[in-house]
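*Asks:* Structure provided below as structure tokens; questions to follow.
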Amino acid sequence: MMEVGLAGPLLQVEDIHKSFGELEVLKGVDMTLDRGHKTAIVGPSGCGKSTMLRCINYMERPTSGHIHLDGELFGETRSGDRYTPMNEKELARQRAHVGMVFQGFYLWPHLNARDNVAIGPMKVRGLGKAEANELAEAMLEKVHMSHKIDEFPERLSGGQQQRVAIARALAQQPKLMLFDEPTSALDPELIGEVLNVILELAEEGRSMVLVTHEIRFAREVADHVIFLHDGVIVEEGPPKQVIDKPQHERLRAFLRQIVEH
Amino acid sequence: MEVFFTKLTALGGPLLLGAATTVAITLASLAVAIVIGLSLALIRLLGFRPINWLISIYVEMFRNTPVLAQVFIIYFSLPYLGMKINPFPAAVIGLGLNGGAMLTEVFRAGLNAIHYGQREAALAVGMTPWMSLRYIILPQTWRITLPPLGNYSIALLKDTAVVSAIAAPEIMFWARNLVTSTFETTFVYILAALLYFCLSFPLARMVDGFERRQRAWQ
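Quick note, the sequences are listed as chains L and P, same order. Heads up, my numbering is the position in the first sequence plus 18, with the first residue counted as 1. Heads up, my numbering is the position in the second sequence plus 4, with the first residue counted as 1.
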């Protein structure tokens, strides 16, 4: 295994396999992400793209393979050739550097927008209340949600909830942002506001990995596209190549379906 | 009318004393029941099979036998094991164990009602499982379980009457004593019932309030 220095890529995914019981969902995937770069993972339902994303921050523990974030082995410790899973406390410390946005938003309903964003920095990084609130206010402004700062999630639309969820992830001041189909649960008229926020973040030069059904958006925001099918990467490259000039028949069929939709 | 007030002052005093004991037994057994119920519901989530079987056995034993039998067994059998026990602690242990079984189910249902994404989002921001439980899961569980918990407290308050059978000096214990010494059967029992009502009614209103708030919150 190659040692990754600080000058190396931000994220390295090495030969990740993941099985749920008998079912092998990921059959050995690799990817590399440099700082400031954006990779979009696309593919049909059940191809393993969400699982791949969830393996990156160990929401799912890979069955085999390794993740390096910023030169550091993620979710495991290594001595010689032996890899040992981390305990929950060490894992939490590493996860704090990776922001994650879920398809279902998962805002915490007992907290208002400000507290949803502030509680992480307070409890995880030990920020004082005033400092955490200030950070929350700044992050909510970034996602254009300052006007709803005192509202509870139940009073927000899906698009607004997702933007608060993005602010919550930003408040971690993460090295890497993961988006797991961030617009798939939204009504069509609410998708735009969320995509716009993600686009703004991309333009700031944040590093991100994005699982999405929005091919046109992937083309616009990503500098690298991975097409995953049946747990393996079938084709990858710059969006202009992968999306505009697909080589594999499976990818062509997939893109045709999406366009017809 | 004068006779009525003479009776009221003569009989009301002991009953009020009993009411204080009723409240004390209710609060103490409620505390025991909540601690047991919440702990077991959380331990169950860890998913160790043999431990979960033991918990199920406990829950089913106490759910499916009369609380009077449970209190009798504790009060009359512990001395055989060399532990002399007074009526008050015996009542609290009996009602507490019984309530623990009920509340294990209540808290289990409350915890199950929370979407797994709530925990995932907490872990994703870097919280440990303990922090996620403490700051995200339990506050929500608490809100969900408050109405059933309130209803259980009302039932418990009235169920404390059974511990008069082991001479714990609560309302019904005093009522029976007064009936034997004064033969004022109707008067004493109506007075006792009124006392329960005065304790229970405000609680019932509170539970209604919780339920309204919860509906608004959902």
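Every residue, glycine too, gets a C-beta built ideally from N, C-alpha and C. All values reported here derive from a predicted model rather than from experimental measurement.
Would you check if the distance between the CB atom of residue 67 of chain P and the CB atom of residue 106 of chain P is smaller than 8 Å?
*Replies:* Their beta carbons are under 8 Å apart, which means residue 67 of chain P touches residue 106 of chain P by this criterion.
*Asks:* Would you tell me roughly how many angstroms separate the C-alpha atoms of residue 63 of chain P and residue 57 of chain P, rounded to the nearest one?
*Replies:* Whole-angstrom Cα-Cα distance: 10 Å.
*Asks:* Can you list the residues of chain P that residue 281 of chain L reaches, using a CB-CB cut of under 9 Å?
*Replies:* Any question about residue 281 of chain L goes unanswered here, given that chain L covers just 19 to 279.
*Asks:* With which residues is residue 103 of chain L paired in a DSSP beta bridge?
*Replies:* The partner list for residue 103 of chain L (beta bridge, DSSP) reads L/94.
*Asks:* So for residue 81 of chain P, helix, strand or coil by DSSP?
*Replies:* Helix.
*Asks:* Determine the burial state of residue 73 of chain L: buried for a count of at least 16 other Cβ atoms within 10 Å of its Cβ, exposed for fewer.
*Replies:* That one is buried.
*Asks:* Judging by CA-CA distance, which residue of L/25, L/141, L/80, L/115 is the nearest neighbour of residue 101 of chain L?
*Replies:* The option with the nearest alpha carbon to residue 101 of chain L is L/80.
*Asks:* Using a Cβ-Cβ cutoff of less than 6 Å, which residues in the same chain neighbour residue 274 of chain L once the five nearest sequence positions on both sides are dropped?
*Replies:* There are no such residues.
*Asks:* Is residue 132 of chain P close to chain L, meaning its C-beta is less than 8 Å from at least one C-beta of that chain?
*Replies:* Judged by the 8 Å Cβ criterion, residue 132 of chain P is in contact with chain L.
*Asks:* Could you work out which residues of chain L lie near residue 147 of chain P, taking near to mean beta carbons separated by less than 7 Å?
*Replies:* Here the neighbours are 128.
*Asks:* Give the DSSP-derived three-state secondary structure of residue 108 of chain L in the structure shown.
*Replies:* DSSP places residue 108 of chain L in helix when its eight states are reduced to three.
*Asks:* Take residue 19 of chain L and list the residues in its own chain whose beta-carbon comes closer than 6 Å to its own, dropping the five residues that flank it on each side.
*Replies:* Residue placement at residue 19 of chain L is flagged as unreliable, the pLDDT there being 41, under the threshold of 50; the coordinate-derived value follows with that caveat. Excluding positions up to five away in sequence, the list is empty.
*Asks:* Which full runs of the alpha helix (DSSP H) of 4+ residues lie inside the segment 61-126 of chain P, going along the chain?
*Replies:* Listed in chain order, they are 71-81, 91-116.
*Asks:* Leaving out five residues before and five after residue 36 of chain L in sequence, what residues of the same chain have Cβ atoms less than 7 Å from its Cβ?
*Replies:* If we look at residue 36 of chain L and ignore the five residues flanking it on each side, its Cβ neighbours are 43, 44, 69, 73, 78, 80, 81.
*Asks:* Measure the C-alpha to C-alpha separation of residue 29 of chain L and residue 199 of chain L and round it to an integer number of angstroms.
*Replies:* Distance between the alpha carbons of residue 29 of chain L and residue 199 of chain L: 20 Å.
*Asks:* Starting from residue 45 of chain L, follow its DSSP beta bridges and name the residues at the other end.
*Replies:* Beta-bridge pairing links residue 45 of chain L to L/35.
*Asks:* From which residue to which residue does the alpha helix (DSSP H) around residue 74 of chain L run?
*Replies:* Per DSSP, residue 74 of chain L belongs to the alpha helix (DSSP H) from 67-74.
*Asks:* Using alpha carbons as the reference points, say which of P/34, P/181, P/204 lies closest to residue 18 of chain P.
*Replies:* Of P/34, P/181, P/204, the residue nearest in Cα terms is P/181.
*Asks:* Following the continuous beta strand (DSSP E) through residue 198 of chain L, name the residue where it begins and the one where it ends.
*Replies:* Segment 194-198, the beta strand (DSSP E) holding residue 198 of chain L.
*Asks:* Tell whether a beta-carbon distance below 8 Å holds between residue 75 of chain L and residue 128 of chain P.
*Replies:* Yes, Cβ-Cβ distance for residue 75 of chain L and residue 128 of chain P is below 8 Å.
*Asks:* Where does residue 6 of chain L fall in DSSP's three states?
*Replies:* Since the first residue shown for chain L is 19 and the last is 279, residue 6 of chain L is missing from the structure and cannot be characterised.
*Asks:* Going by alpha carbons, who is nearest to residue 220 of chain L out of L/209, L/233, L/197?
*Replies:* It is L/197 whose Cα lies nearest to the Cα of residue 220 of chain L.
*Asks:* I want to see whether chain L comes within less than 8 Å of residue 144 of chain P, judged by CB atoms only; does it?
*Replies:* It does: the Cβ of residue 144 of chain P has a partner Cβ on chain L nearer than 8 Å.
*Asks:* So, does the CB of residue 233 of chain L fall closer than 8 Å to a CB anywhere in chain P?
*Replies:* Closer than 8 Å: no.
*Asks:* Where are the alpha helix (DSSP H) runs, 4 residues long or more, that stay fully inside the segment 115-198 of chain P, in chain order?
*Replies:* Counting whole runs of 4 or more residues, the segment 115-198 of chain P contains the alpha helix (DSSP H) stretches 120-128, 142-163, 175-186.
*Asks:* Taking only the alpha-carbon atoms, compute the straight-line gap between residue 163 of chain L and residue 181 of chain L and give it to the nearest angstrom.
*Replies:* Those two C-alpha atoms are separated by around 7 Å.
*Asks:* Beta-carbon within less than 8 Å of residue 22 of chain L's beta-carbon, same chain only, minus the 5 sequence neighbours each way: which residues are those?
*Replies:* In this prediction, residue 22 of chain L scores a pLDDT of 46, lower than 50, which makes its location untrustworthy; no coordinate-derived value is stated.
*Asks:* Per DSSP, which one or two residues make a beta bridge with residue 58 of chain L?
*Replies:* According to DSSP, residue 58 of chain L bridges with L/228, L/243.
*Asks:* How long is the line joining the alpha carbons of residue 200 of chain P and residue 210 of chain P, rounded to whole angstroms?
*Replies:* The alpha-carbon atoms of residue 200 of chain P and residue 210 of chain P are separated by roughly 16 Å.
*Asks:* In the DSSP assignment, the beta strand (DSSP E) including residue 255 of chain L goes from what residue to what residue?
*Replies:* Element bounds for residue 255 of chain L: 250-255.
*Asks:* Quick check for students: name the residue ranges of the beta strand (DSSP E) that lie wholly in the segment 130-198 of chain L, counting only runs of 3 or more.
*Replies:* With a minimum length of 3 residues, the continuous beta strand (DSSP E) runs that stay inside the segment 130-198 of chain L are 194-198.
*Asks:* Are the CB atoms of residue 96 of chain P and residue 203 of chain P within a distance shorter than 8 Å?
*Replies:* Cβ distance not < 8 Å, so residue 203 of chain P and residue 96 of chain P don't count as in contact.
*Asks:* Once the 5 residues before and after residue 211 of chain L are set aside, which same chain residues still bring their CB inside 6 Å of it?
*Replies:* 177, listed in sequence order.
*Asks:* Along the chain, where does the beta strand (DSSP E) containing residue 87 of chain L start, and where does it finish?
*Replies:* Note, residue 87 of chain L: beta strand (DSSP E), 82-87.
*Asks:* Can you pull out the residues from the segment 29-61 of chain P whose beta carbon lies closer than 8 Å to at least one beta carbon of chain L?
*Replies:* Correct list: empty, as no residue qualifies.
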